[in-house]
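A.B. asks: These protein sequence lines are chains F and R, in that order.
Okay, so the first sequence: first residue is 1 according to our numbering, each after it adds one.
Okay, so the second sequence: first residue is 460 according to our numbering, each after it adds one.
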Amino acid sequence: MFLDLDKKDRNKIAVIDDSGSSVTYGQICDFTDEFARQLPYRTLIFILSENRIGSLLGYTAALSNRVVPLIISASTEEGLYAHLLEVYKPEYLWMPNQIAERKGLEPIFSAWDYSLVKTGYPMVSMFENLSLLLPTSGSTGSPKLVRHSYRNIEANADNVRRLFELDGTEKAMAILPMHYTMGLSVIASHLFAGSTLLLSGRSLLDKGFWSMLKEATSFTGVPYSYEILTKMRFTRMDLPNLKVITQGGGRLTEEMFKMLAHYAHDKGKKFIATYGQSECTARMAYLPAELALEKTCSIGFAEPGGQLSIVDENGHETFEGEAQGEMVYRGENVTLGYANSQEDLLKGDENQGVMHTGDLARRDTDGCYFIVGRLKRFLKIYGLRIGLDEVERMIKTEFNTDCYCKGDDEKLIVLVTDAKLKDILPTFIEEKTHLFHQRIEVQVVKEILRNEAGKVINQ
Amino acid sequence: MTNIEKLNKVFCEVFSADETALNENFNKCNVEGWDSVRQLSLTTAVEDEFDIMLDAEDILEFTSYDNAKKVLAKYEIEL
């Protein structure tokens, strides 16, 4: 069974969610059987996810029964949702009862406030090792998906279990969304270890989150989570159960990194910074807790089952010693490739275990890696990946205007020539990408200047 | 600008809302997109606007327009 779920203690609580409900490992197995009676063959299903038990059970049942889910947020923008349906034509949907009702859909089965709905599309044939589809971590209106194999998920779960030394005594705070690769990694790795998940869809500024956190032994967040935690002065709180704080999904500022490293050191906790991409089933590298004080902002070394290298500007690849260039990762968690259409679901393994990350890294004499820049054109704000080309395309299509996007991990800057768009664009981009409009700056310019190669030269 | 004008300005900017929408129903449940990003931007803007430092528990209370007024009263800001 998926993640050896049937080999855990049947009576052990696997998940507790915001409603206070819980399920044991035994109940997860029973639900999987029940689900197989409703849907007894391999096909494509969309899971409209929320961080609660019903959603998680759909995931574990689908993976155990070799049904392939695309997991997307239950609050995916309507236009993108319709587009995904049209492109991938799933035979089934697993969605919150409320949404099924709102859309006037008749469920064939309901449990845990979730409904199984048949769409009317026929069964979908897929590559035999394809296990799971996720959006490319961002939400820039693109139907591009990452294709995972069964081995990818188990390899990641096992790597994470080993690097955090997880066992059945953990109670992990799982607050990152299930449709986000890191959120799913927290879920899979702790289920694999037989731990208990505290699964929450709450805001970090909700009282319920803070009472749940008091029970937790570990917390996994993105840089923005730590901005909130700091604002709430969590370092002064009494959190005796909390043993490990870990971070992924973008770079922490130097100040924040040092603060967390000192906090962990002073309070006898572990701070573990990690690095990953959805193209590699979340986790790829981590900085061991004992190096946190010494190696500020480093992502450390490859995780237990992986290998990192650097390809310099001459195309020369090295695995040790000082170097700078594109970081390359090898491991069993490197995904199969992308999908842009339903036909792509038949594709096999295009990456063959090697991923050119698109991130520029530096390796020091101790073998520690530091991310110093990015080759690909995207920003990461609040853990959201904002593809600059995709945003430009959206604006050009909608408003028939020239535009150019740039920025950093704090702010998206959009250059346009049409002054009328100045006030409209932040709202438009927010609707499409969920990026908070105050992190979007629109600059009106006379002309978007390009050189002969078509490269934009406005600065 | 009066204090209530300042508060309204902060809400309108953070939520891209019209001032007329600010009433007893303007809360976390009714307003779409009221997430942690929004709430923290709101409290940070309020801190800047009124030159105060909110306690952690007061940041958690910022879940509606009415609650925001109640919290500000605790900091002796008359609206």
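In this text, a Cβ means the ideal position worked out from N, Cα and C, and glycines have one as well.
Can you tell me where the alpha helix (DSSP H) holding residue 210(F) begins and where it ends?
C.D. replies: By one-based count along the first sequence, residue 210(F) stands at place 210. Its alpha helix (DSSP H) spans residues 207-213.
A.B. asks: Assuming residue 331(F) contacts residue 306(F) under a Cβ cut-off of 8 Å, what Cβ separation, rounded to an integer in Å, is found between them?
C.D. replies: For this step, residue 331(F) is matched to residue 331 along the first sequence. For this step, residue 306(F) is matched to residue 306 along the first sequence. The Cβ separation is near 3 Å, so the contact holds.
A.B. asks: Per DSSP, which residues does residue 356(F) bridge with? Please list them.
C.D. replies: Position 356 of the first sequence holds residue 356(F). Its beta-bridge partners are 328(F).
A.B. asks: Using only the alpha-carbon positions, how far apart do residue 113(F) and residue 33(F) sit?
C.D. replies: Locating residue 113(F) in the first sequence gives position 113, counting from the first residue. Locating residue 33(F) in the first sequence gives position 33, counting from the first residue. Approximately 18 Å between the Cα atoms of the pair.
A.B. asks: Which of helix, strand or coil does DSSP assign to residue 419(F)?
C.D. replies: Locating residue 419(F) in the first sequence gives position 419, counting from the first residue. Coil at residue 419(F), not helix or strand.
A.B. asks: Under 8 Å between beta-carbons, which chain R residues line up against residue 437(F)? List them in chain order, please.
C.D. replies: For this step, residue 437(F) is matched to residue 437 along the first sequence. Correct list: 475.
A.B. asks: Count the other C-beta atoms from every protein chain shown that fall within 10 angstroms of the C-beta of residue 457(F), then say buried if there are 16 or more, exposed otherwise.
C.D. replies: Along the first sequence, read from residue 1 onward, the residue named residue 457(F) stands at position 457. Exposed is the call here.
A.B. asks: For residue 117(F), report the span of its beta strand (DSSP E) as first-last.
C.D. replies: Here residue 117(F) is taken as the residue at index 117 of the first sequence, counted from 1. Residue 117(F) -> beta strand (DSSP E) spans 114-118.
A.B. asks: Does chain R have any CB closer than 8 Å to the CB of residue 43(F)?
C.D. replies: Translated into positions along the first sequence, residue 43(F) becomes position 43. Not an interface residue.
A.B. asks: Which one of 86(F), 227(F) and 231(F) has the shortest CA to CA distance from residue 252(F)?
C.D. replies: Translated into the one-based positions of the first sequence, residue 252(F) becomes position 252. Of the candidates 86(F), 227(F) and 231(F), the one whose C-alpha sits nearest the C-alpha of residue 252(F) is 227(F).
A.B. asks: Measure from the alpha carbon of residue 291(F) to the alpha carbon of each residue in 368(F), 409(F), 51(F) and 95(F), then state which is nearest.
C.D. replies: In the first sequence, counting from the first residue as 1, residue 291(F) sits at position 291. When only C-alpha atoms are compared, the closest one is 368(F).
A.B. asks: Could you run through the stretch 135-162 of chain F and flag, in chain order, every residue whose CB is less than 7 Å away from some CB of chain R?
C.D. replies: none
A.B. asks: Residues of the stretch 227-258 of chain F with a CB closer than 8 Å to any CB of chain R: list them in chain order, please.
C.D. replies: Here the close residues are 227, 228, 231, 232 and 233.
A.B. asks: Check distances from the C-beta atoms of the stretch 372-387 of chain F to those of chain R and list, in chain order, the residues that come in under 8 Å.
C.D. replies: The stretch 372-387 of chain F vs chain R, Cβ under 8 Å: 382.
A.B. asks: Which residues in the same chain have their Cβ closer than 6 Å to the Cβ of residue 28(F), if we skip the five residues on either side of it in sequence?
C.D. replies: Translated into positions along the first sequence, residue 28(F) becomes position 28. Result list for residue 28(F): 5, 14 and 60, in chain order.
A.B. asks: Does residue 433(F) come within less than 8 Å of chain R when only Cβ atoms are used?
C.D. replies: Here residue 433(F) corresponds to residue number 433 of the first sequence, with the count starting at 1. With 8 Å as the cut-off, residue 433(F) does not count as an interface residue toward chain R.
A.B. asks: Grab me the residues of residue 16(F)'s own chain with a C-beta within less than 6 Å of its C-beta, minus the 5 sequence neighbours each way, in chain order.
C.D. replies: As a working mapping, residue 16(F) is identified with position 16 in the first sequence. Cβ within range, chain order: 22 and 198.
A.B. asks: Between which two residues does the alpha helix (DSSP H) holding residue 287(F) run?
C.D. replies: Working through the first sequence from its first residue, we reach residue 287(F) at position 287. From DSSP, residue 287(F) is part of no alpha helix (DSSP H); its letter is neither H nor E.
A.B. asks: Tell me residue 273(F)'s beta-bridge partners as DSSP assigns them.
C.D. replies: Position 273 of the first sequence, counted from the start, is the residue given in the question as residue 273(F). In the DSSP output, where bridge partners are listed per residue, residue 273(F) has 247(F).
A.B. asks: Rounding to the nearest angstrom, what Cα-Cα distance links residue 461(F) and residue 157(F) in this structure?
C.D. replies: No statement about residue 461(F) is possible, as the shown extent of chain F runs from 1 to 459 and does not include it.
A.B. asks: Terminal residues of the continuous alpha helix (DSSP H) containing residue 339(F)?
C.D. replies: Start at 1 with the first residue of the first sequence, and residue 339(F) comes out as number 339. Element bounds for residue 339(F): not the alpha helix (DSSP H) but the beta strand (DSSP E), 337-339.
A.B. asks: Of all Cβ atoms in chain R, is any one closer than 8 Å to the Cβ of residue 203(F)?
C.D. replies: Position 203 of the first sequence, counting from 1, holds the residue named residue 203(F). Chain R contact via Cβ: present.
A.B. asks: Would you give the residue range spanned by the alpha helix (DSSP H) that residue 471(R) belongs to?
C.D. replies: Indexing the second sequence from 1 puts residue 471(R) at position 12. It spans 462-474 - the alpha helix (DSSP H) in which residue 471(R) sits, taken as one unbroken run.
A.B. asks: According to DSSP, is residue 403(F) part of a helix, a strand, or is it coil?
C.D. replies: Start at 1 with the first residue of the first sequence, and residue 403(F) comes out as number 403. Here residue 403(F) sits in strand by DSSP.
A.B. asks: Counting contacts by CB-CB distance shorter than 8 Å, is residue 519(R) in contact with chain F?
C.D. replies: As a first step, residue 519(R) must be located in the second sequence, where it is residue number 60. Answer yes: the Cβ-Cβ gap between residue 519(R) and chain F drops below 8 Å somewhere.
A.B. asks: What do you reckon, are the CB atoms on residue 39(F) and residue 124(F) nearer than 8 Å?
C.D. replies: Looking up residue 39(F) in the first sequence gives position 39. Looking up residue 124(F) in the first sequence gives position 124. No, they are not a contact pair.
A.B. asks: Report the neighbours of residue 525(R) on chain F: residues whose CB is nearer than 9 Å to its CB, in chain order.
C.D. replies: For the purposes of this step, residue 525(R) is taken as the residue at position 66 of the second sequence. Close partners of residue 525(R) in chain F (Cβ separation under 9 Å) are lacking, with about 17 Å as the shortest Cβ gap.
A.B. asks: Spell out whether any CB of chain F is found under 8 Å from the CB atom of residue 466(R).
C.D. replies: Residue 466(R) sits at position 7 when you count from the first residue of the second sequence. Not one chain F Cβ lies under 8 Å of residue 466(R).
A.B. asks: Determine, for residue 499(R), whether the minimum Cβ-Cβ distance to residues of chain F falls below 8 Å.
C.D. replies: Counting from 1 along the second sequence, the entry for residue 499(R) is found at position 40. Judged by the 8 Å Cβ criterion, residue 499(R) is in contact with chain F.
A.B. asks: May I ask which residues mark the beginning and end of the beta strand (DSSP E) holding residue 387(F)?
C.D. replies: Your numbering for residue 387(F) matches position 387 in the first sequence. Per DSSP, residue 387(F) is one residue of the beta strand (DSSP E) stretching across 384-387.
A.B. asks: Considering only residues of the stretch 23-91 of chain F, which uninterrupted alpha helix (DSSP H) runs meet the minimum length of 4 residues and lie entirely inside it, listed in chain order?
C.D. replies: 25-38, 53-64 and 78-88
A.B. asks: Hey, out of 284(F), 243(F) and 119(F), whose CA is closest to residue 268(F)'s CA?
C.D. replies: Here residue 268(F) corresponds to residue number 268 of the first sequence, with the count starting at 1. Measuring from the Cα of residue 268(F), the nearest candidate turns out to be 243(F).
A.B. asks: Three-state secondary structure (DSSP) at residue 158(F)?
C.D. replies: Translated into the one-based positions of the first sequence, residue 158(F) becomes position 158. Helix.
A.B. asks: Can the beta-carbon of residue 412(F) be found less than 8 Å from the beta-carbon of residue 381(F)?
C.D. replies: Walking along the first sequence from the start, residue 412(F) turns up at place 412. Walking along the first sequence from the start, residue 381(F) turns up at place 381. Going by C-beta atoms, residue 412(F) is nearer than 8 Å to residue 381(F).
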